[in-house]
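Down below is the structure, laid out as structure tokens.
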Amino acid sequence: MTAPGKDHDAEKREDEALKARLEKLQSAVSGARGGIQAEEKREEAQMAAGQDNGRMMSLAFRMVSDLVGGILAGVGIGWVLDRALSTSPFLLILFSLLGTAAGFYNVVKAASPPSKTGKDALPPEP
Amino acid sequence: MAAEGGSAIDPIHQFNIVEYGAVDLFGRHFAFTNSALYMLLGVGLIALVMIYGSRSSALVPGRMQTLAEMAYQFVAGMVRSSAGEAGMKFFPMVFSLFMFILILNIIGLIPYTFTVTSHIIVTVCLALIVFLTVLVVGFAKNGLGFFNLFLPSGVPWWTLPLVVPIEIISFLSRPISHSVRLFANMLAGHITLKVFGGFVVMLLGAGGWAIISPLPFVFIVGLMALELLVAFLQAYVFAMLTCMYINDALHPGH
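And the structure:
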């Protein structure tokens, strides 16, 4: 930089020009980086939203079939017991009511936040 | 619909079981059907992906290896998060169920193929495998302590005569809801696709109304995307609930 033939002022000007160029490039780089980061963030948010939708949908599938499954199980048990004990139709009525309760109970269990999953699960009882 | 006749418009025709050959052994009729053929196809495809994918085990994975590793990590994460580290003993079962259902659901989406999981006998068998595993593991691990599953803690004692039957019915309803969910979703989705496909054909044959025949076609494209999501979600839900039931078998008592 300190070439003997050059005069001091010209050198300074050149330095300043280089500095300005460096700043411009830096701001351009950070701008591009910010843009990429924003895009990545947006994509992440989109993916999270998609996963959330999937989770919600799977929860909905679970709840509907849990409700129907409870009712079906109750009706089935009542019907079989009625036929076996020839007490028709009382056990069918009783067990279909119990089955409906069980169905709603299933849905409530599915809707309440999991309390004993994974590592913080209760230790097996002795 | 049925009045139109023809297999192209009949939305139930796709679920017909066709026998390719049969043997009669011990007074039973053992048939090799299209259902069995697609099951074999699905198992073969899974085996191909997993064996080919784990063949090289390179540090920088290729396409197949990525696929196999993704499948493994997805299921392993699911088992760890909902059944704990102790549940990893059942990883092979959960992984097999998940891959089997996923592959068969997705194969069934290809036109002119057969959807094995749209038959309730198949899904009931899969659900009963899980149910019986839970029973056996539950009683083997906890003995009679497994009955704690029916005794929720923290309820007043005088409600127990009502709560215990409800808990028992809730437990017995698991294989029903487990199987009906998968079966009903696949059946309904495929019937819907066929019905809208039938609309396209009928509108094309209805003279001037043929102008609006692209409408149901566009709808089918959207439905197809939804069905792809449902095919994955149903496999996921089935495997997820399997993990949760296994967790119940390992740690009964609320």
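Protein chains in written order, with the numbering used here: chain X, 1 to 126; chain G, 1001 to 1254.
A virtual CB, placed ideally from N, CA and C, is assigned to each residue, including glycine.
Bear in mind that the values here come from a model prediction, so they are computed numbers and not experimental data.
In the displayed model, L1151 (chain G) falls within coil according to three-state DSSP, outside both helix and strand. Cβ-Cβ distances below 8 Å link L1193 (chain G) to I1220, L1223, M1224, E1227 in the same chain, with the five nearest sequence neighbours on each side left out; the list follows chain order.
Counting C-beta atoms within 10 angstroms of its own C-beta, I71 (chain X) has 16 or more neighbours from the protein chains shown and is therefore classed as buried.
Secondary structure of H1029 (chain G) (DSSP, three-state): strand. In this structure I1046 (chain G) does not touch A1231 (chain G) by the C-beta definition: roughly 15 Å separates them, more than the 8 Å allowed.
Beta-bridge partners of E1069 (chain G) (DSSP): none assigned. Taking C-beta atoms under 8 Å as the contact rule, V107 (chain X) and L67 (chain X) qualify, at a distance of about 5 Å. Within the same chain, and ignoring the five residues on either side of F104 (chain X) in sequence, the residues whose Cβ sits closer than 8 Å to its Cβ are L67, G70.
Scanning its chain for C-beta atoms nearer than 6 Å, with the 5 sequence neighbours on each side dropped, one finds around S1179 (chain G) the residues T1123, V1124, A1127, in chain order. Under DSSP, A1022 (chain G) takes part in a beta bridge, and its partners are G:A1031. Minimum Cα-Cα distance from F1171 (chain G) among the listed residues G:V1060, G:A1068, G:D1248 corresponds to G:D1248.
Per DSSP, the continuous alpha helix (DSSP H) segment holding T100 (chain X) begins and ends at 90-111. In the displayed model, H1119 (chain G) falls within coil according to three-state DSSP, outside both helix and strand. Minimum Cα-Cα distance from V75 (chain X) among the listed residues X:Q37, X:E23, X:T100, X:L85 corresponds to X:T100. When rounded, the separation of the alpha-carbon atoms in V1116 (chain G) and L1182 (chain G) is 11 Å. Comparing alpha-carbon positions, the option among G:L1162, G:V1130, G:L1215, G:S1153 lying closest to F1095 (chain G) turns out to be G:V1130.
Between the alpha carbons of I1246 (chain G) and R1174 (chain G) lies a gap of roughly 12 Å. Rounded to the nearest angstrom, the Cβ distance from A1235 (chain G) to I1101 (chain G) is 4 Å, consistent with a contact under 8 Å.
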